[in-house]
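Residue numbers (our numbering), protein chains in the order written: chain H, 1288 to 1677; chain E, 18 to 197; chain W, 841 to 1265.
Here it is, written out as structure tokens:
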């Protein structure tokens, strides 16, 4: 087990998951000294009836919801946040509930900055102070969630706001809020969340606390993905949503890895979604790490990916390789529904080069020169990384 | 932005569920009183509790609830729903009506409900434990085995009990619960 | 991985771990806008020179508003009030608690009084009594066992009324937990052994009791693995800082785990032995751990079987059949206790009759077992145990644990069997 000489770990978010968990919200708010939340969400969540489920769950609580602001769009803008802040103040709200994917959570976090600091100017927050007393903030993940809801991050107008305190106080994961989605729409956020959890525990700086969370996240996703895609039993969908929510905590506690940096750059350059890029790159990044760095892919990865029985049956020296193979298996198994190579996405070669170039500097020290391009090239053809030390 | 487009939302009611839980609480309260007269174990449990024992089991934020406690003569009594003027020594709150529904439709036993953090208890721990044991015994009297076996960890083997407790005890609890 | 129908998990403590983690104290204090912390500790810790690295870390930049080193072994109301008064007089604005479980509990109690500006702890007993953030609290554990730096409850005795008051609140979670290997370096072998087994018990019960969930599971497995890999090293080579750091991390992970999944009969019975015979908590845990797992086998045998992996490694797990694993897990824990007994020169007990005080007197005489059994039924942890225990059951467990014999599993009154593997009686 790897313990670095020094590390920090923090998770502010309390997870409340399962049957009738929404009904706890009024009690939970009151125990944080709040009585009147503003619900911030998007049109899709309203149309799918999610907001109504929350309002029904409020039944018998005797409390009032300040307003339901449903103006969040896929790209979160400062104007949206400001509108929400005006509504929050006009109604005398004291807490925030976000329903939906990351854009809703981003808006909620920025809203919290504004109303807790009694300001209208987001741009004043250059770097966020440590000891902000923010309003109680509850996230309700839906099938649109990416894991960023539980993270330390908010992105408004492309600008990043980051602080431990932006993590929500509670993530309420209620099966009723996890509506059925198309297969690709189920797979992609899950694989991206998994990619981030995998990356966190294949870093040199990995520590036992974040590893525990990462293992839980990876195992929940690996065990439930197939079932959630084919049929979607309540249990599997809930398991998947838990895995995704936990990945946000893991991601917040790990340095940015080469895989997510590449996915981000590739998404920006090609217009493909971050989820898709991350999913395609996941096994290839891992394969490259395994073959080119000694420490980072530990045999322990096999445990959450393949389960305790397969892990224990494998020879110790083989576990690293088997772990990577198992990840390949999972991603390739989804090829019926999503592309799994960059070739299928028709990405021209010069973009691979410029993408690699963009991240090369930050990671060359760790993974050697040319590493980034090697990952992209193997992901292009869907082949194993050639060369490297094994 | 027109603020009036986003109205305030008052929470609705859940009258039927509240009525159901109120009825169940009434039955359980009466049954505890009855069992305290008939069942040796329940009698002993109450005997160990202090003379001012007064338990309020209720649903947040606005009920229903029930109170069971000892009267001036030390007799165990179901004391209705109104805590006004009573000195509660054990306050067991169910966090919301849905939690109470899970408990009183026997989908979650008292222990599972505690494990699921559905209850918030103020009072001393030994009293709470004693009361949970009493509740379990009363449930074995009130309900058919198939339901109670969901509500308790292990169903008492009736063969280990005297025939008196097995049949007569049950009848007596029923009679005393539903008559005045 | 089992996904419960419902679960909650919270661990909002900033963990700072490392061989020199304490050196970050000024930064931690600054991040919570504190300039005048109060240090709370006990005589033992202070006597062992463990406040020195804390003072050194604070350096010239931060001046502590006082050091209170008179916390008794059992935290009580009077001490809490006393410290609160000193805190106010010195105009402190945060607390650094350096010590084991009782120091932490005391510090949490003080924090309630000074934050709520009250003199009466009684007003804050029970769930939901606290509604606001308290003053910053930094926990620096000096043993690797209790996990109190990660738990949300404080237990404080009121000797006048002869009751133990329970304060469960998320607001009591410390703001920081500082896991510094230097703080446990001087821990004697026997203490290292039973505190580590305390953490082991937290993790094993967390993995098998009613409120288990994915995160309590993964933190428990991690804790058990770290303890099994490092406990012998920590006992035999006290100066092995890597082992010390590993055990400190394990204890915090186990704390995180059981604070969210709760614990069962082992703790219920252990608390009662502690209350009646004044045996240190960790000692009770070491002895009772195999018995608790054994008693619950028909309910959670498959889970106990899975623990063979973090305890004995992958090969041991793989070479055993599923139905053999639960008993092998229990055997491994018994062996661990025997090995620790050897390694500590007979100081680590493997059964209740072997527990002795400093003068070598037996601490748990056989005749008090019935009192212990009766008291343990009233312990809150019983709620979360997979199987029920009545007085006779608890007494049976205690008698066997006293002698050091395994339970006669045929005699256990079994409810519905839920174990996924069949374990032979």
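Using N, Cα and C, we set each Cβ at its ideal position, and we do this for glycine too.
What residue 1218 of chain W touches in chain E, judged by beta-carbon distance under 8 angstroms, is 142, 143, 146, 147, going in chain order. Listed in chain order, the positions of the stretch 103–127 of chain E with a beta carbon within less than 8 angstroms of a beta carbon of chain H are 112, 113, 114, 115, 116, 119. For residue 1256 of chain W, the closest alpha carbon among the candidates E:191, E:71, E:163, E:122 is that of E:163. For the set H:1345, H:1460, H:1325, H:1350, the Cα lying nearest the Cα of residue 1378 of chain H is the one of H:1325. With a cutoff of 8 angstroms on beta-carbon distance, residue 132 of chain E and residue 66 of chain E are scored as not near each other.
Nearest CB-CB separation between residue 1051 of chain W and chain E: below the 8 angstroms threshold. Taking a beta-carbon distance threshold of 8 angstroms, residue 67 of chain E does not count as an interface residue toward chain W. Residue environment analysis places residue 1131 of chain W among the buried positions, since at least 16 neighbouring C-beta atoms fall within 10 angstroms of its C-beta. Rounded to the nearest whole angstrom, the CA to CA distance from residue 850 of chain W to residue 1389 of chain H is 21 angstroms.
Less than 8 angstroms divides the Cβ of residue 1095 of chain W from the Cβ of residue 991 of chain W. Residues of chain W whose Cβ lies closer than 9 angstroms to the Cβ of residue 1293 of chain H are, in chain order, 856, 857, 858, 859, 860, 861, 864. Within 8 angstroms of the CB of residue 1231 of chain W, no CB atom of chain E is found; the nearest one sits about 11 angstroms away. Within the stretch 1299–1327 of chain H, the residues whose Cβ lies closer than 9 angstroms to any Cβ of chain W are, in chain order, 1299, 1300, 1301, 1302, 1303, 1304, 1305, 1306, 1307, 1308, 1311, 1314, 1317, 1318, 1319, 1320. If you draw a straight line from the Cα of residue 25 of chain E to the Cα of residue 1405 of chain H, it comes to about 22 angstroms. In this structure, the straight-line span from the alpha carbon of residue 1141 of chain W to that of residue 1128 of chain W is close to 17 angstroms.
Residue burial annotation: residue 1194 of chain W is buried, with at least 16 other C-beta atoms found within 10 angstroms of its C-beta. Listed along chain H are 1314, 1317, 1318, each with a C-beta nearer than 9 angstroms to that of residue 968 of chain W. With distances taken between CA atoms, residue 1451 of chain H lies nearest to W:855 out of W:855, W:1082, W:1202, W:841. Residue contact check for residue 926 of chain W against chain E: no CB pair falls below 8 angstroms. Counting along the chain, the unbroken alpha helix (DSSP H) around residue 127 of chain E starts and ends at 127–132. For residue 172 of chain E, the chain W residues whose C-beta falls within less than 9 angstroms of its own C-beta are 1255, 1256, listed in chain order. A contact between stretches requires three or more CB pairs, one per stretch, nearer than 8 angstroms, and the stretch 1529–1538 of chain H fails this requirement with the stretch 1566–1584 of chain H. Per DSSP, residue 1665 of chain H is one residue of the alpha helix (DSSP H) stretching across 1658–1668.
For the stretch 1376–1399 of chain H, residues whose beta-carbon sits nearer than 8 angstroms to a beta-carbon of chain E comprise 1377, 1378.
Looking at H:1430, H:1489, H:1480, the one whose alpha-carbon comes closest to that of residue 1468 of chain H is H:1430.
As DSSP reads the structure, residue 1017 of chain W sits in a beta bridge with W:855, W:979.
With a threshold of 8 angstroms between beta carbons, residue 1345 of chain H makes contact with chain E.
According to the DSSP assignment, residue 1112 of chain W belongs to the alpha helix (DSSP H) that extends over 1105–1117. In the DSSP assignment, the residues bridged to residue 1301 of chain H are H:1457. The residue from H:1333, H:1312, H:1393 with its alpha-carbon nearest to that of residue 1357 of chain H is H:1333.
Between residue 1507 of chain H and chain W, the shortest Cβ-Cβ separation is below 8 angstroms.
About 22 angstroms separates the beta carbons of residue 1620 of chain H and residue 1586 of chain H, which is beyond the 8 angstroms limit, so they are not a contact pair. Closest option to residue 1433 of chain H, judged by alpha-carbon separation, among H:1593, H:1492, H:1490, H:1479: H:1479. Taking the Cα of residue 1013 of chain W as reference, the smallest distance to any Cα among W:1084, W:935, W:895 is reached at W:935. The beta carbon of residue 121 of chain E is closer than 6 angstroms to those of 38, 41 in its chain, skipping five residues each way along the sequence.
The C-alpha of residue 1070 of chain W lies about 13 angstroms from the C-alpha of residue 1021 of chain W.
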